[in-house]
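**Student:** Before I ask anything, let me first share the structure, which is written out below as structure tokens.
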Amino acid sequence: MQSKEAILDQLYVLIRPYASEPIELCAETGLINEVGLDSVKVMELMTQIEDHFDISVPLNILPRVNSLGDLAEQLQQLLKDS
Amino acid sequence: MANLFNKFRSLEETRAGLVAGSGVDPFHVVVERVVSATEAIINGRKVIMAGTNNYLGLTFDPECVAAACRAVSEEGTGTTGSRMANGSYAAHVALENELAAFFNCPAAIVFSTGYIANLAILSTLTGSEDVILLDADCHASIYDGTRLGSAQVIRFQHNNPADLEKRLQRLGDRAGNTLVVVEGIYSMLGDRAPLREIVDMKNRYGAFLLVDEAHSLGVLGQQGRGLAEALEVEAEVDFITGTFSKSLGSIGGFCVSRWPELETVRYAMRPYIFTASSSPSLIASTRKALEILHRSSALRKKLWDNATQLYQGLAAMGFELGPEISPVIAVRLPATVAETTALWNELLSQGIYVNLVLPPATPGGKPLLRCSLSAAHSQAQINAMLDAFSHFKEKLQAHA
Chain D
0 MQSKEAILDQ
10 LYVLIRPYAS
20 EPIELCAETG
30 LINEVGLDSV
40 KVMELMTQIE
50 DHFDISVPLN
60 ILPRVNSLGD
70 LAEQLQQLLK
80 DS
Chain C
0 MANLFNKFRS
10 LEETRAGLVA
20 GSGVDPFHVV
30 VERVVSATEA
40 IINGRKVIMA
50 GTNNYLGLTF
60 DPECVAAACR
70 AVSEEGTGTT
80 GSRMANGSYA
90 AHVALENELA
100 AFFNCPAAIV
110 FSTGYIANLA
120 ILSTLTGSED
130 VILLDADCHA
140 SIYDGTRLGS
150 AQVIRFQHNN
160 PADLEKRLQR
170 LGDRAGNTLV
180 VVEGIYSMLG
190 DRAPLREIVD
200 MKNRYGAFLL
210 VDEAHSLGVL
220 GQQGRGLAEA
230 LEVEAEVDFI
240 TGTFSKSLGS
250 IGGFCVSRWP
260 ELETVRYAMR
270 PYIFTASSSP
280 SLIASTRKAL
290 EILHRSSALR
300 KKLWDNATQL
310 YQGLAAMGFE
320 LGPEISPVIA
330 VRLPATVAET
340 TALWNELLSQ
350 GIYVNLVLPP
360 ATPGGKPLLR
370 CSLSAAHSQA
380 QINAMLDAFS
390 HFKEKLQAHA
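Residue numbers (numbering that gives the first Met the number 0), protein chains in the order written: chain D, 0 to 81; chain C, 0 to 399.
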């Protein structure tokens, strides 16, 4: 099973191109407020994340995701279940 | 200080910014008087309505109007409650039987709106052990239905069967507990689902398939049953939902299924159980419209003639349109939201009402102007639309 930190490292690489301005990414970084993603960009990013990890991310989990750390935890669980 | 309305401030600021930037408030258009299926009075002047989804123009059909008048005289203005509590009127049951016969299905349920049809079916048919795989461009009623339910919800890329297959593969054994949801014609760009390929996927993985034919009922197919009929895959579609508020010219919704078990689902659907049933006049005009739709394909032919003419005319002017000829014609503009709103108002001032659709409700996040054609549009009205868009094109070039 991948560690949360290993997932976060991969997320930083995937998310960095989507940041509206250069930003230091960490587990506490907010996806919407700090990375500056709008709803269209969130969906583009999710598709990239799904293909990278070869999983489907259910829409149901999105309300529980605020920070990159939250996203990493959800992905870790999905990878465990797949 | 905390206030329930604080969370709406950004929405109000966006609205105020749009009004300030464009000089108009597109969300406060008042139709002062409806003149016909294709004309209305707005801001004191007659306007051609080219954004009503009144595909067959049946809202003023004399037979439909007479049926509604008779029903309101004989059975009153409303039912004042739900069918579960107050009982079904004979006409509700008759319409369900007629829809079942029309679609050659053993089960049909009528709902008070198309929105409620999707809300009820999507929230109830699937449970916490099930999965809904929906096309990313599905209508809000489908998304809202999934939110009311407990199934896992996964999107696949719009009209992309390969992406759907990838996601079915990832589900493994759970694919058999999966409901795939697509639309016959998508409401924003007017494009059709690649339904044969999607049926092939759902068969290969043992999933169920629901097609929302809201914009394709009365529009596609030899008998007007929609995309599934047009592509000859009806026997493999598990559920069809739709609305009475477009081709049938009234208000209401339905679900039909090749599974007789749908009848049992009726008793578990909260949006069905706790909603007042359709009024007698709505049911009466819907039944008459369904009969007209069944009786003749002339209106459908006229609709497609009109759609083809407008689409080809706009394409020749160089507008970026949806991917195929359709009674829904989306014009995508290289302009900001405020500029698009001002241009939309310019069209209105020239006597053409179309739908202004703004992000995030638009595919790709670009603003668009959405036209919907009707069989009732005359040649002169189509010409007037083309003339207005031609002037509009000049304005657009001036903006650029």
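Glycine is no exception: its CB is placed at the ideal position from the N, C-alpha and C atoms.
Would you kindly work out how many angstroms separate the C-alpha atoms of C/D24 and C/L216, rounded to a whole number?
**Tutor:** Cα-Cα distance, rounded: 33 Å.
**Student:** May I ask you to report which of helix, strand or coil DSSP gives C/G248?
**Tutor:** The answer is coil: DSSP assigns C/G248 none of H, G, I, E or B.
**Student:** Excluding the 5 residues preceding and the 5 following C/R32 in the sequence, name in chain order all residues of the same chain whose CB lies nearer than 6 Å to its CB.
**Tutor:** The residues are I40.
**Student:** Out of C/V34, C/V232, C/S122 and C/I282, which has the shortest C-alpha to C-alpha gap to C/V71?
**Tutor:** Considering only alpha carbons, the answer is C/I282.
**Student:** Along the alpha helix (DSSP H) that carries C/T177, what are the first and last residues, could you check?
**Tutor:** It is not in any alpha helix (DSSP H) - C/T177 instead sits in the beta strand (DSSP E) that spans T177 to E182.
**Student:** Would you check if the stretch 162-174 of chain C and the stretch 293-304 of chain C touch, i.e. whether three or more CB-CB distances between them fall below 8 Å?
**Tutor:** Taking 8 Å as the limit for Cβ pairs, the verdict is that the stretch 162-174 of chain C does not touch the stretch 293-304 of chain C.
**Student:** When you compare only the Cα positions, how much space is there between C/Q396 and D/D37?
**Tutor:** In a straight line, the C-alpha of C/Q396 is about 29 Å away from that of D/D37.
**Student:** How about C/I153: is its C-beta nearer than 8 Å to some C-beta of chain D?
**Tutor:** Yes, C/I153 lies at the interface with chain D (some Cβ there is under 8 Å from its Cβ).
**Student:** For C/D162, does the count of other Cβ atoms within 10 angstroms reach 16, so buried, or fall short, so exposed?
**Tutor:** With 16 or more other Cβ atoms within 10 Å, it is buried.
**Student:** What residues of chain C sit near D/P57, judged by a beta carbon separation below 7 Å?
**Tutor:** Those within 7 Å of D/P57 in chain C are Q151, V152 and I153.
**Student:** Can you tell me which of the three DSSP states D/K3 falls into?
**Tutor:** Here D/K3 sits in helix by DSSP.
**Student:** Since D/V39 meets chain C, which of its residues come closer than 8 Å, beta carbon to beta carbon?
**Tutor:** Correct list: P358, P359, G363 and G364.
**Student:** Mind the definition here: the stretch 172-182 of chain C touches the stretch 133-148 of chain C only if three or more C-beta pairs lie below 8 Å; say whether that holds.
**Tutor:** Yes, they touch.
**Student:** Could you run through the stretch 44-78 of chain D and flag, in chain order, every residue whose CB is less than 8 Å away from some CB of chain C?
**Tutor:** Per Cβ criterion, the list reads T46, D53, I54, S55, V56, P57, L58 and N59.
**Student:** Could you check how far apart the C-beta atoms of C/L289 and C/F101 are, in whole angstroms? I think they sit under 8 Å.
**Tutor:** Indeed they touch by this definition, with Cβ atoms about 6 Å apart.
**Student:** Please list, in chain order, the chain C residues whose beta carbon lies closer than 8 Å to that of D/S81.
**Tutor:** Simply R169.
**Student:** If I follow the unbroken beta strand (DSSP E) through C/A107, where does it start and stop?
**Tutor:** Note, C/A107: beta strand (DSSP E), A106 to F110.
**Student:** Under a Cβ-count criterion, where at least 16 other Cβ atoms within 10 Å of its own Cβ denotes burial, should C/L132 be classed as buried or exposed?
**Tutor:** The residue is buried, with at least 16 neighbouring Cβ atoms inside 10 Å.
**Student:** Are any of the Cβ atoms in chain D nearer than 8 Å to that of C/R166?
**Tutor:** Yes, C/R166 lies at the interface with chain D (some Cβ there is under 8 Å from its Cβ).
**Student:** Tell me C/R44's beta-bridge partners as DSSP assigns them.
**Tutor:** According to DSSP, C/R44 bridges with C/I41.
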